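K.L.:
In our numbering, the protein residues as written are 1069 to 1351. C-beta: ideal position from N, C-alpha, C; glycine also. None of these values were measured; they are calculated from a predicted model. Quick one: structure below, then a few questions.
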Amino acid sequence: MAPVRARLAGAVLILSPLTGPAGCASRRPLTAPAGIAAASLADTSFRWIERTAPGFRVHIQTGSYAAAHQDSLVARLPSAAAHARELIGAPQLAGPIDLFFIESRTEMNRLIGTRRATGFAEPSSRTVLVMTNAGWRAFERHEVMHVVAGQAWGPAAPGTDWLVEGLAQAADGFCAGHPNEEVAWALARRHGWIPLRDVLTRFRAQPDLRAYLQAAAFTAFLLHEAGPDALRDLWRHGATAATPVAGRTLAEQEARWRTGVSSDWTPAPGQLDRIEVVGCGEA
Ligand SMILES: [Zn+2]
């Protein structure tokens, strides 16, 4: 996100100019950086501080906010991966995640060609880009979940953007310091819920913040009610309102979720306005 600002889902396949023929790849170690990670490291306009953590190669933009806070940022990565794996019962990854901390949308644009995203994941190469600075927290749990789910379950079926982003944002858990569900509820009181048919078929056409948080809250409910194997089946085969999930249709599950969701949180005047303008990541 910003997870909630990102248009580029982890499921988007981006071909890197450095993706060579199989004959070239076979001469490299299996765990060498690939895809966007390899392209980013080959970009001579960037200089990176190299760190490692269990399961991660961490590349930190020199002179950045992340460079000044690298110890705390690096220290929280292994728990992000463990949390994502635990949520969906995923096995250990086959190799390390190449995770890049960058300063701003300017660098994001230079690396992946869009300013819209403040986070990016390429599951096939286990690459994550995370923007963080004094005014924006890192959404590493969101982006790492894209990689963990993509590696465990393979490419997501067409029409599952709501699930791909819902699962990632559910793994992050928070928006502007509040649980996803609280902010989703407050937004629904203001705007109403996005109809399920639009969530399922026109997810990317919805307002990012509301769509991501609503999908996150619903996905967390499904994960609790039906378990990760049921979500994996939706991920791989897609879903309509009539798709059975744990003995009910998806539409019936969504109705149960809406009936049960509530929150005591009353945003301060202007607080929800601010979240709607800037997104979930304001530090
Ligand atoms: Zn995402």
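Could you tell me the alpha carbon to alpha carbon distance between Trp1303 and Gly1123, rounded to whole angstroms?
P.N.:
Cα-Cα distance, rounded: 25 angstroms.
K.L.:
State the DSSP-derived secondary structure class of Gln1274, mapped to helix, strand or coil.
P.N.:
Gln1274: coil per DSSP, three-state reduction.
K.L.:
Gln1160 by DSSP, collapsed to three states: which one?
P.N.:
Looking at Gln1160 - three-state DSSP - the assignment turns out to be coil, as it is neither helix nor strand.
K.L.:
Beta-carbon within less than 7 angstroms of Ile1262's beta-carbon, same chain only, minus the 5 sequence neighbours each way: which residues are those?
P.N.:
Around Ile1262: Gln1274, Arg1278, Ala1279 and Gln1282.
K.L.:
Pick helix, strand or coil for Ile1180, following the three-state DSSP scheme.
P.N.:
DSSP places Ile1180 in helix when its eight states are reduced to three.
K.L.:
I need the straight-line Cα distance from Glu1249 to Leu1255, nearest angstrom please.
P.N.:
For Glu1249 and Leu1255, the distance between alpha carbons rounds to 10 angstroms.
K.L.:
At which residues does the beta strand (DSSP E) containing Asp1166 begin and terminate?
P.N.:
It spans Ile1165 to Ile1170 - the beta strand (DSSP E) in which Asp1166 sits, taken as one unbroken run.
K.L.:
Taking the straight line between their C-alpha atoms, what separation do you get for Thr1269 and Gly1227?
P.N.:
Going from the Cα of Thr1269 to the Cα of Gly1227 covers about 6 angstroms.
K.L.:
For a test of the three-state rule: what should DSSP assign to Met1224, helix, strand or coil?
P.N.:
Before going on, a small fix: residue 1224 reads as Ala here, not Met. Here Ala1224 sits in coil by DSSP.
K.L.:
So if DSSP puts Trp1116 in a beta bridge, which residue, or which two residues, is it bridged to?
P.N.:
Paired residues: Gln1129.
K.L.:
Quick check on DSSP: helix, strand or coil for Ala1298?
P.N.:
Reduced to three states, the DSSP call for Ala1298 is helix.
K.L.:
DSSP three-state label for Gly1187, please.
P.N.:
Strand.
K.L.:
For Asn1201, does the count of other Cβ atoms within 10 angstroms reach 16, so buried, or fall short, so exposed?
P.N.:
It is buried - the Cβ of Asn1201 has at least 16 other Cβ atoms within 10 Å.
K.L.:
Give me, in chain order, the residues of the same chain whose beta-carbon lies closer than 7 angstroms to that of Phe1099; leave out the 5 immediate sequence neighbours on both sides.
P.N.:
It should be noted that the sequence gives Thr, not Phe, for residue 1099. Only Gly1163 and Pro1164 meet the Cβ criterion.
K.L.:
Could you check where the beta strand (DSSP E) with Val1198 kicks off and where it finishes?
P.N.:
Counting along the chain, the beta strand (DSSP E) containing Val1198 begins and ends at Thr1195 to Met1199.
K.L.:
Below 8 angstroms on the Cβ atoms is my guess for Asp1240 versus Arg1209; work out the distance and round it to an integer in Å.
P.N.:
So it is a contact: roughly 4 angstroms between Cβ atoms.
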